[in-house]
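I have placed the structure first, in the form of structure tokens, so that the comments after it can refer back to it.
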Amino acid sequence: MIAAIIIAVVAAGIIARLAVLNSRLTSELERARVEVTRYESQPAVVAHEIRTPLSLIEASAELLMGESPGPLNETQASFVSTIFDNATQAIGIAENSLVQRRLKDGAALRLDLVDIRDVVGDAAQSLRRTTDIPILVDVRGGILPLYADEQLIRQLVWNLVNNAIRHSEGEDGVRVRVNQAEDGGALLEVTDHGNGMDSADLERFFTPFATGSSRRPGSGIGMLVSQEIVAAHGGKIMVDTRPDVGTTIVVLLPLGNPGGE
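Counting in our numbering, the final residue of the sequence shown is number 1034, and the numbers go up one at a time with none missing.
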């Protein structure tokens, strides 16, 4: 009888200690989860915070480029152009970070009627201010309405054209073609006339922070984000490249569902 009581008391003590340890473990796991979530979200938070000052720098540089405050000499104009170009690239990196976080979180697409022709035109106009490389836009057919997330589609087109600029050389520049796909969706082709890619470059084309024979450095996430945007819309992205000739990125975007599916 006494032995049974002793065993019961000891068992109760062990159970109590286990309960305390379990409570502490649960608390530590929750604290760790919160910390992981905080650190995972930091890139998006930083990207959001730096977007406004970068936009102000870009706008100020653009104002100076227009010589509204007064004429610039050649050296000053070159410095201002460099500031504007790098601010634009940094904003693109910030936008890609925000888009990637949004897609990783599984946020629903904000579907609306989007005319891909307008998006391409806006991207070309914006990027022409950052480069001397010609950007030629070839739009065929009538209106190409897609039920898509306009913010994501704009980032997709910006990434593709910006990537082509980075790899283009000579007077041929970048060519952007927009046409209607056989299924009624949109067919988007962005061609550069650069060095093309070998098999090794092609294999890591969508790998973050991998760079090939680029004319200038990039963030390394632009093409990965583009791939994720296309996948989120149920589309396809393909790469056709030839060494010493150039690269064409082909994107097929379905019409989408006006019901929001």
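Every residue, glycine too, gets a C-beta built ideally from N, C-alpha and C.
Given the structure is predicted, the values throughout are model-derived calculations rather than measurements.
Item: Exposed unless 16 or more other CB atoms sit within 10 angstroms - verdict on Phe-857; Value: buried
Item: Residues near Glu-1001 by beta carbon distance below 6 Å, same chain, minus five either side; Value: Leu-876
Item: Buried versus exposed, by CB contacts within 10 Å (16 or more), Arg-913; Value: exposed
Item: Run of the alpha helix (DSSP H) containing Met-996, from where it starts to where it stops; Value: 995 to 1005
Item: Beta-carbon gap between Leu-886 and Pro-918 smaller than 7 Å; Value: yes
Item: Delimiting residues of the alpha helix (DSSP H) encompassing Leu-933; Value: 923 to 940
Item: Bridge partner(s) assigned by DSSP for Asp-1013; Value: Thr-1021
Item: Supposed close pair Ile-1035, Ala-897 - CB separation, criterion 8 Å; Value: In the structure displayed, the chain extends from 774 to 1034; residue 1035 sits before or after that span and is not available.
Item: Assumed close pair Thr-1014, Gly-946 - CB separation to whole angstroms, cut-off 8 Å; Value: At roughly 17 Å, the Cβ-Cβ gap does not stay under 8 Å, so Thr-1014 and Gly-946 are not in contact.
Item: Closest residue to Gly-879 among Ala-1005, Gly-1019, Lys-1009 and Asp-1017 (Cα-Cα distance); Value: Ala-1005
Item: Helix, strand or coil at Thr-964 [DSSP, three-state]; Value: strand
Item: Exposure of Asp-1017, with buried meaning 16 or more beta-carbon neighbours within 10 Å; Value: exposed
Item: C-alpha gap between Leu-884 and Gly-894, whole angstroms; Value: 20 Å
Item: Short Cβ contact (7 Å threshold) for Ile-866 with Thr-904; Value: no
Item: Buried versus exposed, by CB contacts within 10 Å (16 or more), Asp-911; Value: exposed
Item: Minimum C-alpha distance to Arg-927 - residue among Gln-953, Leu-997 and Asp-888; Value: Asp-888
Item: Separation of Ile-916 from Gln-862, as counted between CA atoms; Value: 30 Å
Item: Among Ser-941, Val-930, Leu-925 and His-940, the one whose alpha carbon lies nearest that of Arg-890; Value: Val-930
Item: Identity of the residue in Thr-980, Ser-999 and Thr-1020 nearest Val-963 by Cα; Value: Thr-1020
Item: Own chain, CB closer than 7 Å to Arg-948, minus 5 neighbours either side, in chain order; Value: Leu-909, Asp-911 and Thr-964
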